[in-house]
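Note sheet for the following structure.
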Amino acid sequence: MDAQRTYTPLMAMKDERINVRVDAEQKSLLEAASEAEHTSVSAFVLSAATAAAADILADRRAFTLDADAWTAFDEALNRSAHAPEGLRELLNETPPGEDE
Numbered sequence: 237m238d239a240q241r242t243y244t245p246l247m248a249m250k251d252e253r254i255n256v257r258v259d260a261e262q263k264s265l266l267e268a269a270s271e272a273e274h275t276s277v278s279a280f281v282l283s284a285a286t287a288a289a290a291d292i293l294a295d296r297r298a299f300t301l302d303a304d305a306w307t308a309f310d311e312a313l314n315r316s317a318h319a320p321e322g323l324r325e326l327l328n329e330t331p332p333g334e335d336e
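Numbering (the numbering used here), first residue to last: 237 to 336.
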């Protein structure tokens, strides 16, 4: 079957390699998905992995708040930490199943 191939910036010349071992079921799934997207398995995997990595890291680096939410967030950061009532006692108890 001749699938149409689309050139993307991700397909530009690259110097680094990543090798991934997959089982037959994973390989079939990746091949089917890449065919559905009219791209190579390598381009499909690279695109999906890059997008997932960017999403994961974005959640850890940046978030957007309106003025009221920013004020509340800033105040929370500047408040002194305090332990909820009963936390110290709970942490000093012997864990269940452990004898003293």
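Note that the Cβ used here is the ideal one computed from N, Cα and C, for glycine as well. Small disclaimer: the values here were computed from a predicted structure and weren't measured.
* To do: Inspect the CB distances between the stretch 287–301 and the stretch 266–277 and report whether three or more fall short of 8 Å.
  => Three or more Cβ pairs closer than 8 Å define a contact, and the stretch 287–301 falls short of that threshold against the stretch 266–277.
* Asked: First and last residue of the alpha helix (DSSP H) that includes ARG296?
  -> From DSSP, the alpha helix (DSSP H) with ARG296 extends over 277–297.
* Asked: From MET249 to SER278, what distance separates their C-alpha atoms?
  -> The straight-line gap from Cα to Cα measures roughly 13 Å.
* Asked: Looking at the structure shown, is HIS318 part of a helix, part of a strand, or coil, going by DSSP?
  -> DSSP places HIS318 in coil when its eight states are reduced to three.
* Answer yes or no: do PHE280 and ALA269 have a C-beta to C-beta separation smaller than 8 Å? => Cβ atoms of PHE280 and ALA269: closer than 8 Å.
* How is the alpha helix (DSSP H) around GLU271 delimited, first residue to last? -> Per DSSP, GLU271 belongs to the alpha helix (DSSP H) from 260–272.
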